[in-house]
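Student: Here it is, the structure in full.
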Amino acid sequence: QRRMRAAKKVVRKKLTSGPALPGKLADCTAQDLNRTELFLVEGDSAGGSAKQARDREYQAIMPLKGKILNTWEVSSDEVLASQEVHDISVAIGIDPDSDDLSQLRYGKICILADADSDG
110 QRRMRAAKKV VRKKLTSGPA LPGKLADCTA QDLNRTELFL VEGDSAGGSA KQARDREYQA
170 IMPLKGKILN TWEVSSDEVL ASQEVHDISV AIGIDPDSDD LSQLRYGKIC ILADADSDG
């Protein structure tokens, strides 16, 4: 059983530099941008279900706190001050102030949201 648990354990990919990964990020083990996916989900409940159903090798899950800031009608300073936006950018491996994509950590980003009026 110990061997089975060790095989299922997910080790976070190492960042060569930059900030630490967000605590709620359940990372994948692969580093191939053609196959890795980040799923952004609404809340811990959806995150738990998504974690159980994912392929741990290629799919990462990041639960968000409820509804994220609507960036359409706010200033860029307000967007960059949002903790959720910061955590997403760190998880993805980008700096919002830069066009550099060399540290990109996922090839695809999927948003799993409720089909309600505010989602």
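Count along the sequence shown starting at 1, add 109, and that's the number in this note's numbering.
C-beta: ideal position from N, C-alpha, C; glycine also.
1) Looking at the strands, I want to know which residues DSSP matches up with residue 172.
2) So which of 137, 176, 193, 131 has the shortest CA-CA distance to residue 215?
3) Tell me which same chain residues have a C-beta within less than 6 Å of the C-beta of residue 134, skipping the five on either side of it?
4) Measuring CA to CA, which of 150, 167, 190, 207 is closest to residue 143?
5) Buried or exposed for residue 196, going by 16 or more other Cβ atoms inside 10 Å?
6) Since residue 221 is in the beta strand (DSSP E), which residue starts that stretch and which ends it?
7) Where does residue 162 fall in DSSP's three states?
8) Is the separation between the beta-carbon of residue 203 and that of residue 148 shorter than 9 Å?
Tutor: Quick answer:
1) Taking the sequence shown and counting its residues from 1, one reaches residue 172 at position 63. Answer is 150, bridged to residue 172.
2) Looking up residue 215 in the sequence shown gives position 106. Cα-wise, what sits closest to residue 215 is 137.
3) If you number the sequence shown from 1, residue 134 lands on position 25. Closer than 6 Å at Cβ, skipping near neighbours: 171, 200.
4) Position 34 of the sequence shown, counting from 1, holds the residue named residue 143. The residue with the shortest Cα to Cα distance from residue 143 is 167.
5) Position 87 of the sequence shown, counted from the first residue, corresponds to residue 196. Answer is buried; the Cβ neighbour count reaches 16.
6) Taking the first residue of the sequence shown as position 1, residue 221 is located at position 112. For residue 221, the enclosing beta strand (DSSP E) covers residues 217 to 221.
7) Translated into positions along the sequence shown, residue 162 becomes position 53. Residue 162 falls in the helix class under three-state DSSP.
8) The count along the sequence shown starts at 1 and reaches residue 203 at position 94. The count along the sequence shown starts at 1 and reaches residue 148 at position 39. For residue 203 and residue 148, no; Cβs fall outside 9 Å.
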